[in-house]
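Engineer:
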Amino acid sequence: MAKYTLLKTEGRAKRAQFETVHGTVQTPVFMNVGTCAAIKGAVSTLDLSGIGTQIELSNTYHLHVRPGDEIVKKMGGIRKFMNWDKPVLTDSGGFQVFSLAGLRKIKEEGVTFHSHVDGRVIFMGPEESMRIQSNLASTIAMAFDECPPSLAERSYIENSVARTTRWLERCKKEMARLNSLEDTINRQQLLFGINQGGTLTDVRIEHAKRITEMELDGYAVGGLAVGETHEEMYRVLDEVVPYLPADKPVYLMGVGTPANILEAVERGVDFFDCVYPTRNGRHGHAYTNHGKINLLNAKYETDDRPIEEGCGCPACRNHSRAYIRHLLKAGEMLGMRLMVLHNLYFYNTMMTEIRDAIDNGCFASYKKTKLEGLEAKEN
RNA sequence: GUGGAUAUAGCGCAAUUGGUCAGAGCGCCAGAUUGUGGUUCUGGAGGUUGAGGGUUCGAGUCCCUCUAUCCACC
Numbered sequence: 004m005a006k007y008t009l010l011k012t013e014g015r016a017k018r019a020q021f022e023t024v025h026g027t028v029q030t031p032v033f034m035n036v037g038t039c040a041a042i043k044g045a046v047s048t049l050d051l052s053g054i055g056t057q058i059e060l061s062n063t064y065h066l067h068v069r070p071g072d073e074i075v076k077k078m079g080g081i082r083k084f085m086n087w088d089k090p091v092l093t094d095s096g097g098f099q100v101f102s103l104a105g106l107r108k109i110k111e112e113g114v115t116f117h118s119h120v121d122g123r124v125i126f127m128g129p130e131e132s133m134r135i136q137s138n139l140a141s142t143i144a145m146a147f148d149e150c151p152p153s154l155a156e157r158s159y160i161e162n163s164v165a166r167t168t169r170w171l172e173r174c175k176k177e178m179a180r181l182n183s184l185e186d187t188i189n190r191q192q193l194l195f196g197i198n199q200g201g202t203l204t205d206v207r208i209e210h211a212k213r214i215t216e217m218e219l220d221g222y223a224v225g226g227l228a229v230g231e232t233h234e235e236m237y238r239v240l241d242e243v244v245p246y247l248p249a250d251k252p253v254y255l256m257g258v259g260t261p262a263n264i265l266e267a268v269e270r271g272v273d274f275f276d277c278v279y280p281t282r283n284g285r286h287g288h289a290y291t292n293h294g295k296i297n298l299l300n301a302k303y304e305t306d307d308r309p310i311e312e313g314c315g316c317p318a319c320r321n322h323s324r325a326y327i328r329h330l331l332k333a334g335e336m337l338g339m340r341l342m343v344l345h346n347l348y349f350y351n352t353m354m355t356e357i358r359d360a361i362d363n364g365c366f367a368s369y370k371k372t373k374l375e376g377l378e379a380k381e382n
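Taking the numbering used here, the leading residue of the first sequence gets 4, the next gets one more, and so forth.
1. Between Phe116 and Cys150, is the Cβ-Cβ spacing less than 7 Å?
2. Could you say which of Ser141, Tyr369, Asp359, Asn198 lies nearest to Gly26 if we only look at CA atoms?
3. Check whether the Cβ atoms of Leu171 and Ala146 lie closer than 7 Å to each other.
4. Taking the alpha-carbon of Gly221 as reference, which of Ile143, Thr355, Ser47, Thr12 has the nearest alpha-carbon?
5. Does Gln29 come out as helix, strand or coil in the three-state DSSP assignment?
6. Ordered along the chain, which non-local residues of its own chain (more than five positions away) have a Cβ less than 6 Å from that of Val229?
7. Using DSSP with H/G/I as helix, E/B as strand and the rest coil, what is Leu337?
8. Does the contact criterion of 3 or more C-beta pairs under 8 Å hold for the region 337 to 345 versus the region 285 to 302?
9. With distances taken between CB atoms, is the gap from Leu255 to Val206 smaller than 7 Å?
10. Quick check on this structure: which residue in Thr352, Gly79, Arg358, Pro31 has the alpha carbon closest to the alpha carbon of Leu51?
11. So, at 6 Å on beta carbons, what are the nonlocal neighbours of His167 in its own chain, with the 5 sequence-adjacent residues on each side left out?
12. Could you say if the region 299 to 309 and the region 326 to 338 meet the contact criterion of at least three C-beta pairs nearer than 8 Å?
13. Does the separation of the CB atoms of Leu60 and Val28 fall below 7 Å?
14. How is Gly1 classed by DSSP in three states: helix, strand or coil?
15. Within 8 Å, do at least three Cβ pairs link the region 11 to 26 to the region 311 to 322?
16. Which full runs of the alpha helix (DSSP H) of 4+ residues lie inside the region 71 to 97, going along the chain?
17. Can you check the region 225 to 255 for any alpha helix (DSSP H) of at least 4 residues that lies completely inside it and give the ranges in chain order?
18. Secondary structure at Ala223, three-state DSSP: helix, strand or coil?
19. Just the C-alpha distance for Ala379 and Leu299, rounded to the nearest angstrom, thanks.
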């Protein structure tokens, strides 16, 4: 089983380590997103140690559709398949219930989708999601939940959250059964529950209490950063995180910008993931300590500086803004690759700085200074 | 040198017999993206229609001259 050890706190900010059968994760941590068992932008698992990756994230739904979880199981599980010996977290496919809206039917048993690849009908419920994730043999499996739009009616959210709770009970039961089977690859697979409730304080808190009683391996806050304001998201975190167990990791799903992460760490969050560093990198946006820059802008055409002076990433140690801009304009894969390596290095390095700051009791001042830099426009 | 063809936005092209016809695409410029959108989405800036003259109420469209390019033939 996993062991979560709180090493230090500053206010509600937590510095901890999470020991799993696949290795120890130092938190707060940013999980590098590799939906289809690959970090988009031609980044290999061989590159990850050089950019400080501790844990990789993949997706149940996408891997079920292609290549198929049975195939991944035959290949020894996702970690062996990818040649990545550190922890992996798999998202449950629950978010696809939300993000593929229009192609779905939600019922008590589960959800019927149309595959975005070939249109075939797929059914996924709590048991299916757990079986797929067991086949993938990730370190951490996420509960199968529904992520309702934050603007949804109270009655819709209440019904949805109640169903998500029932689904969580089924997930826990099925995970226990799968972990007891002889031919399960990772018989110590962990299960994180997911808190929902939109921006409704009472629903969020009541749900947090219910899932805390289930004694899971970790807890996620889901359904945020889906259209509400940053202030609302921070308010929900202020209200709900205190109701999640202090001796378990807390994961804020899908978030976010560097500023979002700093604010959430301050509110007690341990785990993060977001497509921003990878997607924005592919689209030419690079994160720096002096604001985000768009390398596609004409002003970088003959800029011979690295993306960021002093950055230790493979792109900045070797190439200029002008060269990377050229690669991006020309559609060369190398351009995306260098951008993604830089952005992930930036995120991972920021998380290291955050951990060091909490260790040294200076997170508050670190956060203030960092935010001022991030909002600068000096590039 | 002779004959023929072409000339519209940065590029290759559209504009029924002269009558809202000066346009779309690509490119360019900029913005978006939060449990993934690699080929996505949204905006924007560019043209005295090669130059000059003529016919007409009206010319990218017809006529003349010039210029440039291309193709044949000497």
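Glycine is no exception: its CB is placed at the ideal position from the N, C-alpha and C atoms.
Structural biologist: Quick answer:
1. no
2. Ser141
3. yes
4. Ile143
5. Of the three classes helix, strand and coil, the one that applies to Gln29 here is strand, per DSSP.
6. Ser153
7. helix
8. yes
9. The Cβ atoms of Leu255 and Val206 lie no closer than 7 Å to each other.
10. Thr352
11. It is worth fixing the name first, because residue 167 is Thr in this sequence and not His. Excluding sequence neighbours, Thr167 sits near Asp148, Glu149, Gln199.
12. Below 8 Å, enough C-beta pairs join the region 299 to 309 and the region 326 to 338 to call them touching: three or more.
13. No, the Cβ-Cβ distance between Leu60 and Val28 is not below 7 Å.
14. Outside the shown range of the chain (4 to 382) lies residue 1, about which nothing can therefore be said.
15. no
16. 72 to 77, 81 to 85
17. 233 to 243
18. strand
19. 19 Å
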